[in-house]
Every structure is written in structure tokens, then in C-alpha cells.
Amino acid sequence: MTAARTRLRALALLMCTAAVVAGCAPGASPSPAKEGWTAPGSSTDASAAVGALPVAQLAPAIVSRAAADIAPPTNRWYSGVAFGDVSERIFPFPLALDLQAGSFTVTLPRVAASAATIATEADAGVAVALPADTFTVVRATPVSVTARYALGEEVVGDLTTAEGWPVIAFTAARDVTLTIAGELRAAGSDTWTTSVDGRTYGVRAPDATVDAGAVRLPAGATAQWFAVPADSDAAAWSEALGDPVTEVEASFAVGDDTVSTRLRYLGTDATVVVPMPGRQTGPECALGTFETVYGLASACAGTALEWSVPRRDARADYDFSALDDGTRSALAKQVAADFAATGPPPADTYFGGKALARLAALLSLARSLGDAELAEVIADRLEVELEPWIDPEGCRTRDERCFVYDDVLRLVVGRTPSFGSEEGNDHHFHYGYFLTAAAALAEARPETVDALAPVMDVLAADVAAGTADATLPALRVFDPFRGHSWASGMAPFADGNNQESSSEAVAAWNGLALWARARGDADLERTAEWMLSSEVDAARTLWLDPDLAGIPPGFDHGMISLVWGGKREYATWFSAEPSAILGIQILPLGPLALDYLADDPALVAEHVAEAGGEAAFAGALGEYVLAYSALAGPEALAAAKEHAATLDGGALDDGTSLSALLAWLTAVDMGEGDSR
594 MTAARTRLRA LALLMCTAAV VAGCAPGASP SPAKEGWTAP GSSTDASAAV
644 GALPVAQLAP AIVSRAAADI APPTNRWYSG VAFGDVSERI FPFPLALDLQ
694 AGSFTVTLPR VAASAATIAT EADAGVAVAL PADTFTVVRA TPVSVTARYA
744 LGEEVVGDLT TAEGWPVIAF TAARDVTLTI AGELRAAGSD TWTTSVDGRT
794 YGVRAPDATV DAGAVRLPAG ATAQWFAVPA DSDAAAWSEA LGDPVTEVEA
844 SFAVGDDTVS TRLRYLGTDA TVVVPMPGRQ TGPECALGTF ETVYGLASAC
894 AGTALEWSVP RRDARADYDF SALDDGTRSA LAKQVAADFA ATGPPPADTY
944 FGGKALARLA ALLSLARSLG DAELAEVIAD RLEVELEPWI DPEGCRTRDE
994 RCFVYDDVLR LVVGRTPSFG SEEGNDHHFH YGYFLTAAAA LAEARPETVD
1044 ALAPVMDVLA ADVAAGTADA TLPALRVFDP FRGHSWASGM APFADGNNQE
1094 SSSEAVAAWN GLALWARARG DADLERTAEW MLSSEVDAAR TLWLDPDLAG
1144 IPPGFDHGMI SLVWGGKREY ATWFSAEPSA ILGIQILPLG PLALDYLADD
1194 PALVAEHVAE AGGEAAFAGA LGEYVLAYSA LAGPEALAAA KEHAATLDGG
1244 ALDDGTSLSA LLAWLTAVDM GEGDSR
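Taking our numbering, the leading residue of the sequence shown gets 594, the next gets one more, and so forth.
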């Protein structure tokens, strides 16, 4: 990070104020909310449309530890404990937690950095044994989760954890003894401590009988386990902790310039919360600091977190109203050529969705360029290509280009899955493309909305809106605490869940907002604006311009390309080429991406240089690096234009086109997205 950007970030944080434990992203300052605090939702209930889909399970048999009366919690930060033969470690920031059939382990992991990775180490923590042989996830929200331990048919107690809550709470359902290997020492009222691997851990257990390594709880009593920061003490934490948190409620507000997120930690009137680094402010945050893979995080007395980020409005079109006739004509000619070269879309939901969104981009470009005749022809083709997908009953007679409902995992799945979509992987990436395509067609032909709505409403409900009867869970992939989405459905990883392409996540919520607008669903549109703005902020501050202050030395890159619950990497799932590592954070090209990627020419230049400079243009996803490079200033724009003139449109990534690239470069030349 350059010194100038460091100073700007520090100034932004100094300007951020709030009445509750709160925070803001660089460049954001809270503004009065235009809308009141509201829960995420939709005014269109998709339950009936889900019921019209054929029912089928495309995933292999999956071990599930979710209770039958809740929607299986795919795509959560804690999905690794809910599915699979092995329960994986999860990361309720800032702690790590391991759940096993007869124990749980609370760890404050150390952080280590290598050239391409910032990761938590596999430290030992406090291993707490209890008389149980199974656990089941019985309560699941985007931010919190409760697992119920049982011995045979007898319930032993509930364990609750949440992001931003540095405490793991166990509530006994019957008289029970929790045991640890070490010695517990008195450290204040109802509080004891123990040391493991050089770290101090505490337990607050009113009504308990404690001796040596045993905590005996009567039915209904609680034990709250926590790690004591090195710059704090257990007595201060004991005073700050009231009853345990039972779950976390998320709401948001949409202002003129910002969107705000509020998390309320329910079940108590006093506890400790830990905002993500960069968000916290105020005297409440005096209970010590934690070293995390995201930097130093402060522990704060409070029961709520609030913060604001810059508002981003959904966009599909460039403003080409002032374009000169020669450039307008040349662009329209290229749009026509790219349209003529468009082949049949693939049958799976990822590459098929990308192909539909590519057609939608050509349609939007033709309309922006004022070529009504060309726009009509493209709209005809887009309508034809969407037709099989928008038949709710299509999979009753076809094996492709249609959707089914998995009533076991409660997923909507394309009949030709890809990248593990049958297990919940990447649904927002896939369905964001479909929603973008549907919104473009609806904008051009409003009369198509009714035909599009049944299936598009289902796709929107699957990734974000949910259904009133929990046929589909609300906010399947979006994490309100982190401000970004999780891509893996089952998260069978020791580092938690993950997300690679921040830009495709942004594009998904842009498409959702555009569809909601076309649909007239005001509640869903506001929800999409909140997720869009949050995801853009995360893309900028966690992926493209991470603040690495407080991270151990050793990491040798200026950006992150793969974010995990307990790790951050300069890597991709599919290629080690630096061009791919940068390119996957840029695609697909479009007006909204231009808006948020163009803010810092110096940062753009650094990223392109790290990817290999102009040599990266010929690498994997190099066309996106080329487009991005144009944001580094006039000389870089001129070089990008010169290189673009040599490209073969047929050799580009299947999600874009030469006309999309040339339109981007034209918009850059006209100053769109330019905050310089």
C-alpha cells in the first residue's frame, strides 16, 4: 500500500463516528438513512414458483448434521460443521472453533504470513469434553449458529457461536460436567482461567461448581468460554459479560450516500463484540486487541455493531449520449459483428449464464449507442435463448437448460450442474448472470416480465431473498458481518469457507438489483442495494486494496485473490498465472465495475505491474487485465487502446466480447467512473 493511500485510509477512519460500537470503510462517513432499519427481504414470495419446479436431488449423498426443521445452512462461514463425514474447523471471528461429537475446542489462533498466504496456525486451544456422542445444528442465521449436543436420545446442552462475538457459550439442558486437560484458576466473580500454548483462556460460569479441570453445570446454567487478549485481563471480561448471546439479528438502512449495517446480539444486555478491523471506534473498544488474518481487531463492550459503506447504485448502461458519430458507428459495427459470431449458449448454469449475460451486454450496448434496429435483433435472440430456462416445468421433459428443486438441501439447481452447483457452490455467480440477462430483456421489452418472473424470482430467492416458509433460506450466500458472500456450499475445508471472484459477486447483486427494479419488487431492490454496496466495499478493502497493517511480515503481494474464514491468499482455484489472479477480480466488464475499479490509478498500475505488465495481456484472463490497465492514466489508456486493436474477438473469454472491451475503453476515455 502506498503512503498516500495509507494516509487517506487513516483520515477516513478518523472521520467515522457512530453512537454504537461501529465503524466505516475508507472514504465512507455515515449519513442519515433514507430508509429506516429493515430486515433483508422481498415483497415477492417465490414459494409457489418453487413448488412448480420438479423435485430432484442431483448431489451425491451428503452427511448432514442439520436438524430436520431448519433449512440446511449451505454457503455459511460455519457450513463445515453442518456437512460432511468430518466436522471442519470454523472461524467465528476472531476465534477458531472445532466441534466434535463429544467435545469442542476454543482457540485463539496465531497468524503467520508467507509470500502468498496469510493464515491461522493450527494452534492448540482449550479442549472441552462433555458427555455426548452427537451434535446437531438446531439454529442457523447468517451470523450465528447453535449446535445441540446429545447422548443417545438425551439432550445435553446447546453450544452457540457467532461472528464478531469472541465468546463460545454452552447452555446445559441437564446437569452436566465439562472437563478440560488443564487447571482452572479463579480470576474474579464466577470466572476462571487456564493457559494453553502460552495463551490465556477464561470461562464465566455463574451457578457452576468449578474445581481443578471440571465445570459442573446444573440444568439451565451457562458457561461462556473466551480467549483473553494479551493486553487485557479476565476480570475486565468477566465484568463486561452478561448472559450469553442466543443469536444475531441483521438489518440495514439505505441512505443517500451510504448504506449501513446493524447487527444486534440478542439474548443479553451486556457482552463483548469484535468488529472487523477498520470498523471499530470509540471508548467502548478498550477490552484488548486480537491478532487476526485481517489485522488487529479490538474487543468492545456492547451488544450491537453498526457501520456504513459508500452506496453503489446498480447500473447496466454507459452514458454514450455525448459520443461522436464516428466512434458510435464503429462501436455499433463491432456489436453487430460480435452478435453475429455468437454461438449457442452452453447448457450448464455457469457458462450458460455467462453466455446469456454476454448477449445482455450486447443488447445494452446497442441501446446505449442508439441503434434500435440492432437492439431489436439482439433482444429477439436473447428472448429465444432464455425461453427454455424460464419454463418452471422444463426439467419434467428435458435434462438441460432447466431448474429443479432439491428438497433435501433446499436448493434450486440447474439440471446440468457445474463447479459443484448441485451442492450449493457458486450459486450467486451463476444466477447473477441469469438475473442480469433477464433484467436487460425486461428493460428492452417490459412485456416479457410476467413470463420471466416465475423462474427469475426463484433464482433471486435461492441466492438472497429466501421464501416466507423457509423452502429457501434468506441470504443464502451473503454474510452481513463480513460484508461479502461465501461461495462454497458445504465448505469442506480446514480454513473455513471461501470466495474467489469478488467481482462476480458484485455483478450478482447488481443483476439482482436490476431484476428487482424491472420486477417492481422494492423490498428486494433495497436488499440488493445493501448487498451490492457492501460487496463492493469488501472487494475494494479485502481483495484489491487490503490494509496489511498488523499482519506479520512475509506476505509479498499488494492484493488478495482468495479470501477464507481463516486464511487469505494470492492464488486462484484454476490458475497460478498472475494475470488470472488479477483478472478474476475484474470480470465481467461493465459500467458498475468501471465505477468502483477506477478510483485509484496508482493502485491499478501497481496491480498490473504485479501481474506482469503488458505481458499479462496475453495470459489467462488477460483481456480483463488489459481493460483494467486503462484505468491507470492517459498513457496506460492509450497503450490499452493500441493493444485492443490487435485482438481477435473470437479468442476472448466466453463471458465478454471485443465490443464490451472497446466500450469500456471508450467510457474510460470519456471520463466515466473517473473520480480523479
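Here a beta-carbon is modelled for each residue, glycine too, at the ideal position from N, C-alpha and C.
For residue i, which residues of its own chain have a beta-carbon under 6 Å away from its beta-carbon, when the five flanking residues on both sides are left out?
i: residue 1143; result: 888 and 889
i: residue 751; result: 739, 741 and 764
i: residue 909; result: 957 and 1107
i: residue 946; result: 1023, 1026 and 1027
i: residue 1064; result: 640 and 643
i: residue 1095; result: 1132, 1136 and 1178
i: residue 993; result: 940, 1008 and 1009
i: residue 1011; result: 941 and 943
i: residue 1100; result: 1025 and 1181
Just the Cα atoms here: how many angstroms apart are residue i and residue j?
i: residue 1232; j: residue 1239; result: 11 Å
i: residue 617; j: residue 901; result: Confidence in residue 617 is poor, its pLDDT being 36 and thus under 50, which makes the residue's placement unreliable; the coordinate value appears in the next sentence. Using only the alpha carbons, I get a separation of about 5 Å.
i: residue 920; j: residue 713; result: 52 Å
i: residue 984; j: residue 1015; result: 19 Å
i: residue 1241; j: residue 1121; result: 36 Å
i: residue 1001; j: residue 906; result: 36 Å
i: residue 769; j: residue 808; result: 8 Å
i: residue 981; j: residue 1151; result: 44 Å
i: residue 1266; j: residue 1103; result: 16 Å
i: residue 841; j: residue 793; result: 26 Å
i: residue 1021; j: residue 1081; result: 11 Å
i: residue 1287; j: residue 1214; result: This structure cannot settle anything about residue 1287, because the visible part of the chain is limited to 594 through 1269.
i: residue 1270; j: residue 772; result: The chain is shown only over 594 to 1269; residue 1270 falls outside these bounds and no answer can be derived.
i: residue 614; j: residue 1147; result: Caution applies to residue 614, whose pLDDT of 48 falls short of 50 and renders its modelled position unreliable; the model cannot decide the point.
i: residue 1189; j: residue 1055; result: 27 Å
i: residue 716; j: residue 820; result: 13 Å
i: residue 822; j: residue 795; result: 10 Å
Starting from residue i, trace the beta strand (DSSP E) in both directions and tell me its first and last residue.
i: residue 818; result: 815-820
i: residue 960; result: Run containing residue 960: none in the beta strand (DSSP E); it sits in the alpha helix (DSSP H), 942-961.
i: residue 1004; result: 1004-1007
i: residue 900; result: 897-903
i: residue 728; result: 727-733
i: residue 785; result: 784-789
i: residue 891; result: 888-891
i: residue 1162; result: 1160-1162
At which residues does the alpha helix (DSSP H) containing residue i begin and terminate?
i: residue 1178; result: Segment: none, residue 1178 is in no alpha helix (DSSP H) and carries neither H nor E.
i: residue 998; result: Per DSSP, residue 998 belongs to no alpha helix (DSSP H); it is in the beta strand (DSSP E), 996-999.
i: residue 1122; result: 1115-1131
i: residue 1024; result: 1020-1037
Taking all protein chains shown into account, decide if residue i is buried (16 or more other Cβ within 10 angstroms of its Cβ) or exposed.
i: residue 802; result: exposed
i: residue 776; result: exposed
i: residue 1089; result: buried
i: residue 746; result: exposed
i: residue 623; result: The predicted position of residue 623 is uncertain, since its pLDDT is 36 and thus under 50; a value taken from the coordinates is nonetheless stated next. Buried: at least 16 other Cβ atoms inside 10 Å.
i: residue 1257; result: buried
i: residue 922; result: exposed
i: residue 1076; result: buried
i: residue 1036; result: buried
i: residue 641; result: exposed
i: residue 1167; result: exposed
i: residue 977; result: exposed
i: residue 1093; result: buried
i: residue 629; result: exposed
i: residue 852; result: buried
i: residue 1169; result: exposed
i: residue 1216; result: buried
Excluding the 5 residues preceding and the 5 following residue i in the sequence, name in chain order all residues of the same chain whose CB lies nearer than 8 Å to its CB.
i: residue 988; result: 646, 647, 649, 995, 996, 997 and 1008
i: residue 669; result: 675, 733, 735, 738, 1072, 1079, 1084 and 1090
i: residue 704; result: 711, 712, 713, 714, 884, 885, 886, 1144 and 1145
i: residue 1200; result: 1137, 1151, 1152, 1175 and 1221
i: residue 636; result: 1114, 1115, 1116 and 1117
i: residue 1032; result: 909, 953, 1104, 1107, 1108, 1110 and 1111
By Cβ distance below 7 Å, which residues in the same chain neighbour residue i in space, the five residues on each side in sequence not counted?
i: residue 927; result: 1251, 1252 and 1255
i: residue 824; result: 881 and 882
i: residue 911; result: 961, 1184, 1256, 1260 and 1265
Which ranges would you report for the beta strand (DSSP E) in the region 819-871 if only whole runs of at least 3 residues count?
Runs found: 840-847 and 851-859.
4-residue-minimum alpha helix (DSSP H) runs that sit fully inside the region 1170-1237, ordered along the chain
For the region 1170-1237, the full-length alpha helix (DSSP H) segments reaching 4 residues or more read 1171-1176, 1184-1190, 1194-1203, 1215-1222 and 1227-1237 along the chain.
Along the chain, which unbroken stretches of the alpha helix (DSSP H) at least 4 residues long are found entirely within the region 615-687?
Within the region 615-687, the runs of alpha helix (DSSP H) at least 4 residues long that lie entirely inside it are, in chain order, 640-645 and 672-675.
Going along the chain, which unbroken runs of the alpha helix (DSSP H) with 4 or more residues stay wholly within the region 963-989?
Qualifying alpha helix (DSSP H) stretches, in chain order: 965-979.
Run through the region 693-770 for me and flag every whole beta strand (DSSP E) of 3 or more residues, listed as ranges in chain order.
Runs found: 696-700, 704-706, 710-713, 719-722, 727-733, 737-744, 747-755 and 758-765.
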